[in-house]
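Taking this note's numbering, the leading residue of the sequence shown gets 1, the next gets one more, and so forth.
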Amino acid sequence: MLSGIQPTSGSFHLGNYLGAVRQWVDLQEQNDAFYMVVDLHAITVEQDPATLRENTRVSVAQLLGAGLDPERCTLFVQSHVPEHAQLGWVMNCLTGFGEAARMTQFKDKSSKQGTDRTSVGLFTYPILQIADILLYQADAVPVGEDQRQHVELTRDLAERFNTRYAPTFTVPKPYILKATAKIQDLQDPSAKMSKSASSPKGLVSLLDDPKVSAKKFKSAVTDTDTVVTYDEENKVGVSNLLRIHSALSGQSVEQLVAHFEGKMYGALKTELAELFTEWVLPFQERTKTYLDDPAELDRVLGLGAEKAREVASRTLATVYDRIGF
Ligand code: ADP
Ligand code: NA
């Protein structure tokens with residue numbers, strides 16, 4: 001299994017955690033999982049060097065704080081494994097221009113900033129993603145629905161290489177992460193919580209003072225009704241809060257609706273603020289222990305890169321041999 005997260009956020013938000021990172025933690029138990037912080041992908045848009053370096057370390061510390069265990073998974077930074085860029089080039093040469101141009105995420109992202117300010121790297125980043133996946137012979141790629149198209153392209157390219165040269169790559173399947181973990185913006189609950197799109201009040205950042213986040217839960221936008229029920233169409237705000245509660249408390253939404261019977265939205269918000277605080281304090285503590293110990297963080301990353309390269313270099317050697325290098 002292979003999955004990655006961008007280091008561009010600094011602090012992860014609650015959507016990143018419940019939608020991706022927490023599921024990675026579960027998946028490390030039963031799988032040979034490779035998780036990486038994708039700094040090569042981050043530079044598809046301009047980055048300040050000091051900030052990128054800092055955010056990469058903060059991202060790794062949060063992944064460890066969230067429960068990724070270097071004994072149970074391979075955790076590394078993408079740029080520490082040069083084979084990603086090397087196989088990326090090979091895959092670039094195997095992909096049709098039109099094929100790459102059909103990737104809808106690029107169209108969305110580039111249309112916002114215009115083609116002159118859009119890097120070629122942003123255009124070919126799904127192809128680097130293909131290399132990321134194929135290097136580890138991944139069977140499954142845990143991704144959100146928005147990445148499904150990229151995994152389909154990965155399958156096409158793996159099959160193309162295998163047919164043109166010789167069986168080399170495992171053809172991976174997307175492992176679509178649970179849609180129930182989709183977290184909405186607290187102020188605009190019809191939109192997903194997002195670092196780039198949410199207003200500060202709508203976004204719960206994991207490294208913020210928990211008091212700040214508690215306030216955000218308490219002032220979350222709901223509706224003019226008062227009864228706590230789950231209705232994704234007509235009560236998006238309340239349903240979002242119920243989903244977050246359920247994810248953090250482990251209680252089912254039905255149990256929660258019964259629990260809040262006769263109570264109003266305020267009770268749900270207060271309980272949620274408490275629940276979040278209870279979870280986030282130890283998370284922050286664990287994250288901080290890694291940030292306060294740069295030598296330990298370096299050790300973990302050195303070990304991760306070594307484990308990753310062992311697999312990646314083997315795949316790349318076979319690929320180079322097959323294509324005549
Ligand atoms: P953002 O949308 O804030 O820029 P990313 O695109 O970097 O976040 O997402 C990193 C990971 O977190 C991805 O696996 C993505 O599917 C997941 N994710 C991001 N936002 C949410 C959300 N609101 N709910 C659930 N999962 C999310
Ligand atoms: Na494992």
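C-beta: ideal position from N, C-alpha, C; glycine also.
Any non-hydrogen atom of the ligand ADP closer than 7 angstroms to residue i Cβ
i	result
residue 18	yes
residue 59	no
residue 9	yes
residue 15	yes
residue 192	yes
residue 196	yes
residue 183	yes
residue 6	yes
Closer than 7 angstroms: residue i CB and nearest the ligand NA heavy atom
i	result
residue 72	yes
residue 293	no
residue 33	yes
residue 29	yes
Beta-carbon gap between residue i and residue j smaller than 8 angstroms
i	j	result
residue 300	residue 75	yes
residue 136	residue 267	no
residue 8	residue 42	yes
residue 330	residue 4	The first residue shown for the chain is 1 and the last is 325, placing residue 330 beyond what the model contains.
residue 2	residue 138	yes
residue 272	residue 325	no
residue 63	residue 28	no
Length of the line joining the Cα atoms of residue i and residue j
i	j	result
residue 282	residue 189	27 angstroms
residue 39	residue 124	15 angstroms
residue 308	residue 81	7 angstroms
residue 233	residue 240	11 angstroms
residue 26	residue 47	32 angstroms
residue 83	residue 237	44 angstroms
In DSSP terms, what residue i is bridged to
i	result
residue 143	176
residue 280	Residue 280 is not bridged to any residue.
Stretch-stretch touch, CB-based, cutoff 8 angstroms, three pairs: the stretch 203-220 with the stretch 5-15: Under the three-pair Cβ rule at 8 angstroms, the stretch 203-220 counts as touching the stretch 5-15.
The stretch 252-271 / the stretch 212-224 touching (three or more Cβ pairs under 8 angstroms): With the rule of 3 Cβ pairs closer than 8 angstroms, the stretch 252-271 counts as touching the stretch 212-224.
At least 3 beta-carbon pairs within less than 8 angstroms: the stretch 141-150 vs the stretch 173-187: Proximity of the stretch 141-150 to the stretch 173-187 meets the contact definition, three or more beta-carbon pairs being nearer than 8 angstroms.
Stretch-stretch touch, CB-based, cutoff 8 angstroms, three pairs: the stretch 98-113 with the stretch 47-67: Contact between the stretch 98-113 and the stretch 47-67 is absent: fewer than 3 CB-CB pairs across the two stretches fall below 8 angstroms.
Stretch-stretch touch, CB-based, cutoff 8 angstroms, three pairs: the stretch 87-98 with the stretch 157-164: Verdict: yes, contact present.
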